[in-house]
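Protein chains in written order, with the UniProt record's numbering: chain C, 1 to 114; chain D, 1 to 114.
Scroll down for the structure; my scribbles are underneath it.
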DNA sequence: TGCATATATAAGCAAATCATTATATACTAA
DNA sequence: TTAGTATATAATGATTTGCTTATATATGCA
């Protein structure tokens with residue numbers, strides 16, 4: 001079947017991580033976009049530390065990457081992630097969240113530097 | 001893309017449920033087999049209530065089904081589950097656990113009634 | 001240099017999770 | 001009916017999780 005079989009432990013860890021609504025939406029948004037922390041704060045209407053903590057978890061296992069640009073740190077999906085295919089398959093079954101970014105643009109709170 | 005898009009909340013719930021090593025292995029085993037509670041107890045070397053509680057969670061959201069046969073209750077994957085395709089995609093990326101059943105057979109602890 | 005902004009980290013707490021032990025229920029067989 | 005086996009449920013406790021508030025760090029700009 002697939003050549004990229006993920007050990008059960010590893011798979012369970014990834015699924016648990018994605019098994020949180022906020023993180024799942026984050027990752028779905030990052031599938032087609034690069035977002036900074038403050039955008040997530042705006043989208044999820046939660047505190048900045050809460051967002052940072054979610055991102056750290058995603059970063060720790062390697063699903064997302066960060067890149068600093070000036071004051072901002074932009075996050076993106078790490079498509080070279082060992083188990084990216086698992087993430088990809090899952091995301092294919094989750095509805096697009098682009099409207100969340102649309103709302104930011106209408107607010108004028110979308111960061112579009114660089 | 002897929003017609004079976006799962007609402008984000010629902011998807012997160014499913015992923016969280018599968019984000020546990022024991023449950024993920026259970027579901028993987030049930031992909032191609034029907035197993036009873038006592039087999040899982042043997043396989044996972046844990047208490048019977050612990051197994052029952054995992055199975056209840058899986059049953060509550062509809063991923064697995066139960067069927068009583070005499071004293072035993074056999075569990076199987078519910079392939080008519082609303083969001084079976086998500087489960088299926090995930091399982092495709094998880095290695096087969098058939099060796100666990102092989103061990104039971106060698107032990108003589110595999111239930112093969114009916 | 002000093003202040004503002006963006007982000008990360010630390011500490012603390014409430015809620016959720018997962019195991020355990022004890023008990024109840026359902027079925028089988030004597 | 002009684003004893004034994006398989007399973008479910010309840011109650012409890014330790015651990016984990018995800019938030020909050022407070023603070024630290026990094027950058028940009030006056």
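Don't be surprised by glycine CBs; every beta carbon is placed ideally from N, CA and C.
- Proximity to residue 5 of chain D across C/74, C/94 and C/6 peaks at C/94, based on C-alpha coordinates.
- Distance from the CA atom of residue 14 of chain C to the CA atom of residue 105 of chain C, rounded to whole angstroms, is 31 Å.
- Nearest Cα to residue 71 of chain C within the set C/37, C/80 and C/60: C/37.
- Residue contact check for residue 82 of chain D against chain C: no CB pair falls below 8 Å.
- For the UniProt domain "HTH arsR-type" (3-102) of chain C, the continuous beta strand (DSSP E) assignments of 3+ residues that do not extend past its boundaries occur at 64-69 and 72-77, in sequence order.
- For residue 64 of chain D and residue 30 of chain D, the gap between their C-alpha atoms comes out near 8 Å.
- Measuring C-alpha to C-alpha distances from residue 75 of chain C to each of C/16, C/40, C/89 and C/9 identifies C/40 as the nearest.
- Here residue 97 of chain C is buried: its Cβ has 16 or more other Cβ atoms, across all protein chains shown, within 10 Å.
- Inter-residue distance for residue 54 of chain D and residue 68 of chain C is about 42 Å (C-alpha atoms, whole angstroms).
- Apart from sequence neighbours up to five positions away, the residues of its chain that approach residue 91 of chain D with a beta-carbon distance below 8 Å are 27, 28 and 31, ordered along the chain.
- Taking C-alpha positions only, residue 35 of chain C is separated from residue 100 of chain C by approximately 12 Å.
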